[in-house]
Amino acid sequence: MRKYISESQLIIVPAMLLLLISCTPGSCFEETESYVKASFYDNVSKTLHTPDSLTLYGLSNDSMIYNKTTSIQPALIPLNSSTESCTFVIGINGASDTVEFQYNSFPHLISKECGYTFYHHLDTVLFKNHAIKGVYISNKTITNLNVENIRIFY
Amino acid sequence: MWRTFAYFISLLVILAFSQIQVQAQDTIPIPLKINIGLEVSGPVTYYTNKNILNAEGYISVDLNEKRSVILDAGYLNYKYSQYNYSYLNKGSFVRIGMDFNLLKPDKSQGRYWAGIGLRYGFSLFNSEVPIFAKLNYWGTTVSSISAKTDWAHFVEVSPGVRAEIFNHLSIGWSASLRMLIHTSTGKDLLPIYFPGFGNGTKRVSTALNYFIVWNIPYKKIKVILKKEVKEDTEDNGDINNNGTNNTNSDKQQGTGIRQ
Chain A
84 MRKYISESQL
94 IIVPAMLLLL
104 ISCTPGSCFE
114 ETESYVKASF
124 YDNVSKTLHT
134 PDSLTLYGLS
144 NDSMIYNKTT
154 SIQPALIPLN
164 SSTESCTFVI
174 GINGASDTVE
184 FQYNSFPHLI
194 SKECGYTFYH
204 HLDTVLFKNH
214 AIKGVYISNK
224 TITNLNVENI
234 RIFY
Chain B
896 MWRTFAYFIS
906 LLVILAFSQI
916 QVQAQDTIPI
926 PLKINIGLEV
936 SGPVTYYTNK
946 NILNAEGYIS
956 VDLNEKRSVI
966 LDAGYLNYKY
976 SQYNYSYLNK
986 GSFVRIGMDF
996 NLLKPDKSQG
1006 RYWAGIGLRY
1016 GFSLFNSEVP
1026 IFAKLNYWGT
1036 TVSSISAKTD
1046 WAHFVEVSPG
1056 VRAEIFNHLS
1066 IGWSASLRML
1076 IHTSTGKDLL
1086 PIYFPGFGNG
1096 TKRVSTALNY
1106 FIVWNIPYKK
1116 IKVILKKEVK
1126 EDTEDNGDIN
1136 NNGTNNTNSD
1146 KQQGTGIRQ
């Protein structure tokens, strides 16, 4: 009696399928950092307005995030996942202010390749009212996605 | 989620109870079997990579020459680590469903199977992230996620083939396409890998399984082979390209029904 499934079919077909389904690269190509995405607005016209220069650094950290940098819109502000608040010194067009973020952090899996990061739930944003005239929280969940979180009016 | 589940169950029921219309008469004996299968690629993989132990097997019972019910169960012990985290997952799963043989009875003869399986799967597992590290502007934060028991359920479509190579012994393979319905882990801590499904970070996963199957015949049925009659055209004659008349040209096919 003739065989309807040959031994060669039993081996070759799954081998081809294995080739098709097993070609997953093992590198991380996704954004792994959860920044506060801060857009800058003109306090008078209430429209999007990019500062001529922007300076930003952490209060207890000497390393500059932005140093009189031009054309930053939005600014990407990294929070400290080891603490529940952190403060930054911000310079907008030469005028200085401090801005404090209060938040909760929780772990989030990005992917098998990239591993884990921290997402944050933003509670409060405090500022000294020098360079910054107002802050509006548009999205309280700080993730690695490109979504605006706060609007800074100056 | 429940709509997908209900649709899948409905599809199983419809396929299980659908009947084929009879036209005529030759019969063929088909042995119905209880099949006990062992998945062999899991132990082979473990031999080369001690971080993944996947052991699974199944028992299926032929209902007729086309359909069989199947219960598939297994155990997974999975360990993974890379430069910024390590992950552990340990647990068990069951899959229940039905296999449909697409071969005609005169070709399958109870020895060959080429068809498709539909399954519903449930997985219970314990996962843990002993360490993960995140580096950013403020330095490196080292943390961990403690062990937690979770569950997940999914559906699976698995086409494949099996052939009896010795008396009562078959080998075969199946490719599985699985779709995750829900996991209790929540969206922030999706399981990197979990029993019965595989990569839990994506909604769909694929797998390839190889089986050695012990077949135990428990009953013999006679299946009537249907004679397919070619339908006449409107003028009671089908004129082919050579101009010859093909009316009432019967062709013997193996579509069958049990007796």
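If you read the protein sequences in the order shown, they are chains A and B.
So in the numbering used here, the last one in the first sequence is 237, and the numbering has no gaps at all.
So in the numbering used here, the last one in the second sequence is 1154, and the numbering has no gaps at all.
We treat Cβ as the ideally placed atom computed from N, Cα and C, and that holds for glycine.
On a predicted model such as this, the values are computed, not experimentally measured, just so you know.
> Between V1024(B) and chain A, is there a C-beta pair that is closer than 8 Å?
Replying inline: yes
> Should L971(B) be labelled buried (16 or more other beta-carbon atoms within 10 Å of its own) or exposed?
Replying inline: buried
>> Extract the residue ranges of the alpha helix (DSSP H) inside the stretch 986-1051 of chain B, only unbroken runs of 4 or more that lie entirely within it.
In response: 1000-1003
> Just checking, does the stretch 1081-1096 of chain B make contact with the stretch 978-986 of chain B on the three C-beta pairs under 8 Å criterion?
Replying inline: yes
>> For P1025(B) and T133(A), what's the separation of their Cα atoms in angstroms?
In response: 44 Å
> When DSSP labels each residue in this structure, what does T943(B) get in the three-state scheme?
Replying inline: helix
> When the Cα atoms are used, what is the spatial distance from G1016(B) to L159(A)?
Replying inline: 43 Å
> When the Cβ atoms of the stretch 163-178 of chain A are set against those of the stretch 209-224 of chain A, are three or more pairs found closer than 8 Å?
Replying inline: yes
> Does DSSP classify P134(A) as helix, strand or coil?
Replying inline: coil
>> I'd like the span of the beta strand (DSSP E) that includes P157(A), first residue to last.
In response: Looking at the DSSP string, P157(A) is not in any beta strand (DSSP E), and its letter there is neither H nor E.
> What residues are listed by DSSP as bridge partners for A1070(B)?
Replying inline: L1103(B)
> G1093(B) and R1073(B) look like a contact to me (Cβ under 8 Å); what is the Cβ gap, rounded to whole Å?
Replying inline: 7 Å
> What in chain B is Cβ-close to L192(A), meaning under 8 Å?
Replying inline: D1083, L1084, L1085, I1087, T1096
>> Using a 10 Å radius around the Cβ and a threshold of 16 neighbouring Cβ atoms, would you call N1136(B) buried or exposed?
In response: Because N1136(B) sits at a pLDDT of 43, beneath the cut-off of 50, its placement in the model cannot be relied upon, and the following sentence gives the value as read from the coordinates. Burial call: exposed.
> Mind pulling the chain B residues with CB within less than 9 Å of I148(A)?
Replying inline: Y1032
> Leaving out five residues before and five after G141(A) in sequence, what residues of the same chain have Cβ atoms less than 7 Å from its Cβ?
Replying inline: C169, F171
> How about T224(A): is its C-beta nearer than 8 Å to some C-beta of chain B?
Replying inline: no
> By the criterion of Cβ-Cβ separation under 9 Å, what are the contact partners of S164(A) in chain B?
Replying inline: K1029, N1031, W1033, T1036, S1038
> Excluding five sequence neighbours on each side, which residues of the same chain lie with their C-beta closer than 6 Å to the C-beta of H191(A)?
Replying inline: T200, Y202
> Between T152(A) and chain B, is there a C-beta pair that is closer than 8 Å?
Replying inline: no
>> Does G992(B) pass the burial test, meaning 16 or more other C-beta atoms within 10 Å, or should it be called exposed?
In response: buried
> Excluding sequence positions up to five away, which residues of its chain have a Cβ less than 6 Å from the Cβ of G177(A)?
Replying inline: none
> In angstroms, rounded to a whole number, what distance separates the CA positions of H1048(B) and F236(A)?
Replying inline: 48 Å
> What residue range is occupied by the uninterrupted beta strand (DSSP E) comprising E934(B)?
Replying inline: 921-934
> For the stretch 963-988 of chain B, which residues have a beta carbon sitting closer than 8 Å to at least one beta carbon of chain A?
Replying inline: Y975, Q977, N979, Y980
> Would you say the stretch 993-1006 of chain B touches the stretch 1025-1042 of chain B, given that touching needs at least three Cβ pairs under 8 Å?
Replying inline: no
>> Buried or exposed for K129(A), going by 16 or more other Cβ atoms inside 10 Å?
In response: exposed
> Looking at the unbroken beta strand (DSSP E) that takes in T166(A), where does it start and where does it end?
Replying inline: Counting along the chain, T166(A) falls outside any beta strand (DSSP E), and DSSP gives it neither H nor E.
> Leaving out five residues before and five after F111(A) in sequence, what residues of the same chain have Cβ atoms less than 8 Å from its Cβ?
Replying inline: Looking at the sequence provided, one finds Cys at residue 111(A) rather than Phe. For C111(A), where only same-chain residues beyond five positions count, the Cβ hits under 8 Å are I193, S194, E196, C197, G198.
>> Between which two residues does the beta strand (DSSP E) holding F236(A) run?
In response: 233-236
>> Using a Cβ-Cβ cutoff of less than 7 Å, which residues in the same chain neighbour T224(A) once the five nearest sequence positions on both sides are dropped?
In response: Y202, H204
> Under three-state DSSP, which class holds P938(B)?
Replying inline: helix
>> So if DSSP puts D180(A) in a beta bridge, which residue, or which two residues, is it bridged to?
In response: I173(A)
> What number of angstroms, rounded off, separates the C-alpha of V230(A) from the C-alpha of N187(A)?
Replying inline: 18 Å
> Buried or exposed: L209(A), going by 16 or more other Cβ atoms within 10 Å of its Cβ?
Replying inline: exposed
> Which residues mark the beginning and the end of the beta strand (DSSP E) in which T65(A) is found?
Replying inline: Within the shown structure, residues of chain A are numbered from 84 to 237, placing residue 65(A) beyond reach of any answer.
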